[in-house]
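Notes for the one structure printed next.
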Ligand SMILES: [Zn+2]
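Below, the structure written as structure tokens:
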């Protein structure tokens, strides 16, 4: 249950209250100070709470020239975010107790008579619980994206289509799904980790800092060796060998014997692909750095950006 409404004008913000057109003064609990010039207010309801997101325009001083620091990031459901620099940034997982509580709340809702007052209460309790989990995921995504963009100017992600990964495991009549139970578990885990959220937050934070962020085709990045660059299928003489991903977290190259955590191996392959992309971007841009994705969205921001003075949109 998520509804929202945007007020592009007709609002007044004070320290402890907010005035909205047609609604009048409302009590406001500000979670941080409003900086810059407010441009709109978006009011939303989540799990029985009302939230006001205040978008502001803030003049940024030109991003300081930083040493180029490149990183590849493997986002996966088991570990969270793993970098080519062997950093592991974990995500909170739904605990077994929370899964039980979720099941309890769902069952309780199903038992209530339609249209009854008790059913409404049960629905609200379930929505509150979902909202709590969503807040925790969002928080963790903020922490991870902050760490990535603070330590690196160039960040490469795999272009994983979340929709493919969470697509129904049940399959169709013609093609019944395999591993239904395992994939259902995987879906839940993906929703725990929210890779899409981490990537989109990293993109805009990188753009604020004048960095670059790319998504690369990640096929075989978990099977290829990041040390020798090889894959058994590259050559007819090694074609019979299995690839090096011998366990969920273990990679041993059948060609050169290199041994490394499987997620770090994938992150290093992603970095190599990202480097190729950045090199190509630099050539086409005639040496000037290019923001490859995300970031400055408004026209004013783009104009300001060309004068080496970015504009930041933030939700307070
Ligand atoms: Zn190798």
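Residue numbers (our numbering): 270 to 585.
Even for Gly, the Cβ is constructed at its ideal location relative to N, Cα and C.
Note that the structure is predicted; figures quoted are calculated from it, not measured.
Between the segment 509 to 519 and the segment 468 to 486, can you find at least three pairs of beta-carbon atoms closer than 8 Å? Two segments are said to touch when three or more pairs of C-beta atoms, one from each, lie closer than 8 Å; by this definition the segment 468 to 486 does not touch the segment 509 to 519.
One or two residues paired with residue 345 in a DSSP bridge: DSSP, once it has assigned bridges, lists 349 as partnering residue 345.
Touching by the beta-carbon criterion (3+ pairs, under 8 Å), the segment 519 to 531 and the segment 487 to 500: Because the criterion of three Cβ pairs below 8 Å is met, the segment 519 to 531 and the segment 487 to 500 touch.
What does the Cβ neighbour count give for residue 294, buried or exposed, with the cut at 16 atoms within 10 Å? Classification for residue 294: exposed.
Are the CB atoms of residue 531 and residue 517 within a distance shorter than 8 Å? Contact: yes.
To the nearest angstrom, how far is it from the Cα of residue 489 to the Cα of residue 425? If I take the Cα positions, the gap works out to 16 Å.
Short of 7 Å in beta carbon distance, which residues of its chain neighbour residue 317, apart from the five on each side in sequence? Order them along the chain. Excluding the 5 residues flanking it on each side, residue 317 has same chain C-beta neighbours closer than 7 Å at 393, 396 and 397, in chain order.
Among the candidates 350, 526, 470 and 296, whose CA atom is the shortest distance from the CA of residue 533? Of 350, 526, 470 and 296, the smallest CA-CA separation from residue 533 is found for 350.
Contact set for residue 309: own chain, Cβ-Cβ below 7 Å, skip 5 residues either direction: Only 275, 276, 277 and 324 meet the Cβ criterion.
To the nearest angstrom, report how far apart residue 466 and residue 312 are at their CA atoms. Here the alpha carbons of residue 312 and residue 466 stand approximately 20 Å from one another.
Which residue's Cα is closest to the Cα of residue 526: 514, 546 and 359? Of the residues 514, 546 and 359, the one whose Cα lies closest to the Cα of residue 526 is 514.
What distance in whole Å lies between the Cβ atoms of residue 361 and residue 405, which are believed to be in contact at a cut-off of 8 Å? Residue 405 to residue 361, Cβ: 5 Å. Contact.
Are the beta-carbon atoms of residue 376 and residue 418 separated by less than 8 Å? Contact: no.
What are the start and end residues of the beta strand (DSSP E) that includes residue 528? It spans 528 to 530 - the beta strand (DSSP E) in which residue 528 sits, taken as one unbroken run.
What would DSSP say about residue 309, mapped onto helix, strand or coil? When DSSP states are grouped into helix, strand and coil, residue 309 belongs to the strand group.
Is residue 527 near ligand 1, going by C-beta to nearest heavy atom under 7 Å? Set against 7 Å, the gap from the CB of residue 527 to the closest heavy atom of ligand 1 is smaller.
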